[in-house]
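Enquirer:
Numbering (the UniProt record's numbering), first residue to last: 1 to 152.
1. Quick check: the Cα distance between residue 68 and residue 80, rounded to an integer number of angstroms?
2. Can you tell which of 16, 115, 119 has the C-alpha that lies nearest to the C-alpha of residue 59?
3. Give me, in chain order, the residues of the same chain whose beta-carbon lies closer than 8 Å to that of residue 76; leave out the 5 immediate sequence neighbours on both sides.
4. On the criterion of 16 or more Cβ atoms from any shown chain inside 10 Å, does residue 52 qualify as buried, or is it exposed?
5. Which one of 82, 56, 4, 95 has the shortest CA to CA distance from residue 65?
6. With a 10 Å radius around its C-beta and 16 neighbouring C-beta atoms as the bar for buried, classify residue 5 as buried or exposed.
7. Closest to residue 97 by C-alpha separation, out of 30, 38, 14, 2, would be which residue?
8. Could you tell me which residues DSSP puts in a beta bridge with residue 44?
9. Could you tell me whether any non-hydrogen atom of the ligand ZN is closer than 7 Å to the CB of residue 2?
10. Using DSSP's beta-bridge definition, name the partner residues of residue 65.
11. For residue 52, does the three-state DSSP call read helix, strand or coil?
12. Measure the C-alpha to C-alpha separation of residue 14 and residue 44 and round it to an integer number of angstroms.
13. The alpha helix (DSSP H) with residue 226 in it runs from where to where?
14. Helix, strand or coil: which one does DSSP assign to residue 119?
15. Starting from the C-beta of residue 22, find all residues in its chain whose C-beta is less than 6 Å away, skip the five residues before and the five after it, and write them out in chain order.
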């Protein structure tokens, strides 16, 4: 039901599969993460580490994707995979928005979203700074935001 609702709202739903799995269904495209269409709205679906995404969920998805791995690694822990994919997707989506290549948003909507990203980023750094100062204060370390005062 969730997949169909997302698709009805205009989202493409892409399921993560290990590089060695998911090639059985020739009708369903399988792309590496860096080739996903981040210029359009999408939802990424991740399954459990033991079983992956269910066959019924896979059959409803628009496609499958993998996180290409080099060396001897065969797969990633699901939490690591989610973190990598969401971070990469957010960077690509932001790049798409900044270059005006998005097909799902008007110019003003893009500007509002980019301003929102900037505001939240600034608030995040400000909040992290405040948390750091509180930790230092609790540890007995004096820390001042202003410049040290001279002798007079």
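Cβ atoms here follow ideal geometry from the backbone N, Cα and C, with glycine treated the same way.
Expert: Taking the coordinates as given:
1. 13 Å
2. Residue 59 has its Cα closest to that of 16, out of 16, 115, 119.
3. For residue 76, same chain residues with a beta-carbon under 8 Å away, outside a window of 5 residues either side, are 67, 69, 84 in chain order.
4. So residue 52 counts as buried.
5. 82
6. exposed
7. 38
8. 14
9. The ligand ZN is not among the ligands present in this structure, which contains no ligands whatsoever.
10. 16, 31
11. The answer is strand: DSSP assigns residue 52 an E or B state.
12. 5 Å
13. It is not possible to answer for residue 226, since the shown part of the chain is limited to 1 through 152.
14. helix
15. Unreliable placement is indicated for residue 22, whose pLDDT of 49 sits below 50; the coordinate value is still reported in the next sentence. Spatial neighbours of residue 22 in its own chain (CB-CB distance under 6 Å, excluding positions within 5 residues in sequence) are listed in chain order as 30, 64.
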